[in-house]
Amino acid sequence: MKTANETGIQQHLKAVERAASGLPAARRQELVADLAERLDITLAERPAGVRNVLRGLVAQRTVATTAPKEKTEATTTPRRGSVHPLVPVLLSALAFPAAALALPAAAGPVIGLVIRAVGLVLLWMSAHWTYKEKWNGTAMTFLVPVAFVQGQHFFDYDDTAVIITNTLVTGLPLVGAVWLWAVRRP
């Protein structure tokens, strides 16, 4: 026959297990086993009685509802924006000029555009800038330069307009990158 101590502990553990029924079975068993181990240690240290020990414990529902939070906080993936802020800034600003200079004429601009797009994806996933700053950075490093290049293809620019367009296509992303770096949050 079980003693009153064992019965009180078993009732408490069953109540916690019922309250944690929303958890996966393995996690629920782990929670109950941890709690049982803590109870054994506490009873060994303070033989004041099971009732006093159980009275000092947190309510069963509280234990069961905080258990999923504790587990997920410890095992979650890194937060958004875990990439260093310099990566999207450099990819957005320097990809097009570097690729255009380093690669053949046909492939350079296309690869530069793809690298710049990757930089923008990283920019938008980052937690280092606000929504408004991300839009401003996107406009300066991608949208306006692409619009100028497309305008150069659709309209017959004279030599001066081509020089201005190429300067803007190269310079505006650099200005945007410096601005993004200046307004970033730590």
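Residue numbers are given in my numbering: position 84 of the sequence shown equals residue 84, and the series is strictly consecutive.
We put the beta carbon where it would ideally sit given N, CA and C, even for glycine.
All values derive from a computational prediction rather than experimental measurement.
Assign W129 to one of two classes, buried (16 or more other C-beta atoms within 10 Å of its C-beta) or exposed (fewer than that). Taking the first residue of the sequence shown as position 1, residue 129 is located at position 129. It counts as buried.
Rounded to the nearest angstrom, how far is the Cβ of L123 from that of P88, given a contact under 8 Å? If you number the sequence shown from 1, residue 123 lands on position 123. If you number the sequence shown from 1, residue 88 lands on position 88. Their Cβ separation, rounded to whole angstroms, is 4 Å, which keeps L123 and P88 in contact under 8 Å.
What span of residues does the alpha helix (DSSP H) with W135 cover, start to end? The count along the sequence shown starts at 1 and reaches residue 135 at position 135. W135 -> alpha helix (DSSP H) spans Y131 to T138.
From the DSSP output, in three-state form, read off L103 for me. Taking the first residue of the sequence shown as position 1, residue 103 is located at position 103. If DSSP states are grouped into helix, strand and coil, L103 belongs with coil.
Quick one: grab the DSSP three-state call for R46. The sequence position of residue 46 within the sequence shown is 46, counting from 1. Coil at R46, not helix or strand.
CB V118 to CB V149, shorter than 8 Å? On the sequence shown, position 118 is the one that residue 118 refers to. On the sequence shown, position 149 is the one that residue 149 refers to. Against a cut-off of 8 Å, the Cβ pair of V149 and V118 comes out as no contact.
Among residues of its own chain, excluding the 5 on either side of F142, which ones have a beta-carbon nearer than 8 Å to its beta-carbon? Residue mapping note: residue 142 aligns to position 142 of the sequence shown, counting from 1. Once the five neighbours on either side are set aside, the close Cβ partners of F142 are S92, R116, A117, L120 and P173.
Go to P145, then tell me how far its alpha helix (DSSP H) extends in each direction, as first and last residue. Taking the sequence shown and counting its residues from 1, one reaches residue 145 at position 145. Residues V144 to F154.
Do you know how far the Cα of H153 is from the Cα of F96? As a first step, residue 96 is located in the sequence shown; it is residue number 96 there, counting from the start. As a first step, residue 153 is located in the sequence shown; it is residue number 153 there, counting from the start. Cα to Cα, F96 sits roughly 17 Å from H153.
Proximity of L13 and A20 at Cβ, strictly below 8 Å: One-based indexing of the sequence shown puts residue 13 at position 13. One-based indexing of the sequence shown puts residue 20 at position 20. In this structure, A20 does not lie closer than 8 Å to L13 by Cβ.
Could you pull out every residue in the same chain whose Cβ sits closer than 8 Å to the Cβ of L101, ignoring the five residues on either side in sequence? For the purposes of this step, residue 101 is taken as the residue at position 101 of the sequence shown. So the list reads G108, once near-sequence residues are dropped.
Mapping DSSP to helix, strand and coil, what is S92? Looking up residue 92 in the sequence shown gives position 92. Note: S92 maps to helix in three-state DSSP.
First and last residue of the uninterrupted alpha helix (DSSP H) at P173: Taking the first residue of the sequence shown as position 1, residue 173 is located at position 173. Here the alpha helix (DSSP H) through P173 covers D159 to V183.
DSSP three-state label for H84, please. Along the sequence shown, read from residue 1 onward, the residue named residue 84 stands at position 84. Looking at H84 - three-state DSSP - the assignment turns out to be coil, as it is neither helix nor strand.
Report buried or exposed for P194, applying the criterion of at least 16 other Cβ atoms within 10 angstroms of its Cβ. Because the chain is modelled from 1 through 186, residue 194 falls outside the range shown and cannot be assessed.
How should V16 be labelled, buried or exposed, when 16 other C-beta atoms within 10 angstroms of its C-beta is the threshold for buried? Counted from its first residue, the sequence shown places residue 16 at position 16. Counting Cβ neighbours within 10 Å, V16 comes out buried, since at least 16 surround it.
For L86 and W181, what's the separation of their Cα atoms in angstroms? Sequence index remark: in the sequence shown, residue 86 carries index 86 (1-based). Sequence index remark: in the sequence shown, residue 181 carries index 181 (1-based). L86 and W181: Cα-Cα distance of roughly 7 Å.
Would you kindly work out how many angstroms separate the C-alpha atoms of L23 and A105, rounded to a whole number? What you label residue 23 is simply residue 23 of the sequence shown in a count that begins at 1. What you label residue 105 is simply residue 105 of the sequence shown in a count that begins at 1. Their Cα atoms are separated by approximately 58 Å.
For a test of the three-state rule: what should DSSP assign to M1, helix, strand or coil? Residue 1 sits at position 1 when you count from the first residue of the sequence shown. Bear in mind that a pLDDT of 40 at M1, under 50, signals an unreliable position, so the number given afterwards is only what the model happens to contain. In this structure, M1 counts as coil in the three-state DSSP scheme.
In or out: M140 buried (at least 16 other Cβ within 10 Å) or exposed? In the sequence shown, the residue the question calls residue 140 occupies position 140. Classification for M140: buried.
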